[in-house]
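Heads up: the sequence shown begins at 777 in the working numbering, then just goes up one per residue. Structure, as structure tokens:
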Amino acid sequence: MQAFLFLLFLLVIALVVKNQSLIVSVLFLLVIKLIFNNEKLFSIIQTKGINWGVTIITIAVLVPIATGQIGFKELFDSLKSPYAWIAIASGILVAMLAKNGVVLLAKDPHITTALVLGTILAVTLFKGVAVGPLIGAGIAWYAMKIFGVL
Numbered sequence: 777m778q779a780f781l782f783l784l785f786l787l788v789i790a791l792v793v794k795n796q797s798l799i800v801s802v803l804f805l806l807v808i809k810l811i812f813n814n815e816k817l818f819s820i821i822q823t824k825g826i827n828w829g830v831t832i833i834t835i836a837v838l839v840p841i842a843t844g845q846i847g848f849k850e851l852f853d854s855l856k857s858p859y860a861w862i863a864i865a866s867g868i869l870v871a872m873l874a875k876n877g878v879v880l881l882a883k884d885p886h887i888t889t890a891l892v893l894g895t896i897l898a899v900t901l902f903k904g905v906a907v908g909p910l911i912g913a914g915i916a917w918y919a920m921k922i923f924g925v926l
């Protein structure tokens, strides 16, 4: 019952701040909970969902290549810009952060609660985008390593 009430609470917050992604996510989980209420299904979504989401985001990012809007000419032209090199470095950094985020979430799942809370706060209060838990976990992993050294 607590899980259902918590999801309803999140739905109310999502509706108040008009965050479509959070609304769809909570409604999806409520429907699954009401229709199936199957722990195995939730477990599959929890373990595979991040990979599914990354795959969907990757597909969306690659659409301009598939449609011909971006080709080799545009790629090589973009590399002449210092901003392109900043973007490449940023992409590498974020991918490395996310990699260690997966490690942290696998080793220390209770951290997920704090990361989800941080993501919900960012999405609702600051109009953020909910890609934060994985990257947030990666940042937390590095911060914990640094803290462990001190």
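Every residue gets a Cβ at the ideal spot worked out from N, C-alpha and C, and that includes glycine. Owing to the predicted nature of the structure, the values given are computational and were not obtained by experimental measurement.
Take residue i and list the residues in its own chain whose beta-carbon comes closer than 6 Å to its own, dropping the five residues that flank it on each side.
i: Thr831; result: none
i: Leu798; result: Ala790, Val899
i: Ile820; result: none
i: Phe848; result: none
Grab me the residues of residue i's own chain with a C-beta within less than 7 Å of its C-beta, minus the 5 sequence neighbours each way, in chain order.
i: Asn795; result: Val899, Thr900
i: Val870; result: Ile911
With a CB to CB cut of under 8 Å and the five nearest residues on each side skipped, what residues in its chain are close to residue i?
i: Gly877; result: Pro909, Leu910, Ile911, Gly912, Ala913, Gly914, Ile915, Ala916, Trp917
i: Ile887; result: Leu880, Leu881, Ala913, Ala916
i: Ala779; result: Lys809
i: Met920; result: Leu880
i: Ser854; result: Ala860
i: Leu817; result: Ile808
i: Ser857; result: none
When DSSP labels each residue in this structure, what does residue i get in the three-state scheme?
i: Val812; result: The displayed chain sequence assigns Phe, not Val, to residue 812. Coil at Phe812, not helix or strand.
i: Gln796; result: helix
i: Ser819; result: helix
i: Met777; result: coil
i: Thr831; result: helix
i: Leu855; result: coil
i: Ile862; result: helix
i: Ile915; result: helix
i: Ile826; result: helix
i: Gly847; result: coil
Please indicate yes or no: does the CB of residue i lie closer than 7 Å to some heavy atom of the ligand ADP?
i: Asn813; result: Because no ligand of any kind appears in the structure shown, any question about the ligand ADP cannot be addressed here.
I want to know whether the stretch 801-815 touches the stretch 782-789 - three or more CB-CB distances under 8 Å. yes
Give a yes or no on contact between the stretch 912-925 and the stretch 876-896, applying the rule of three or more CB pairs nearer than 8 Å. yes
4-residue-minimum alpha helix (DSSP H) runs that sit fully inside the stretch 867-910, ordered along the chain: 887-902
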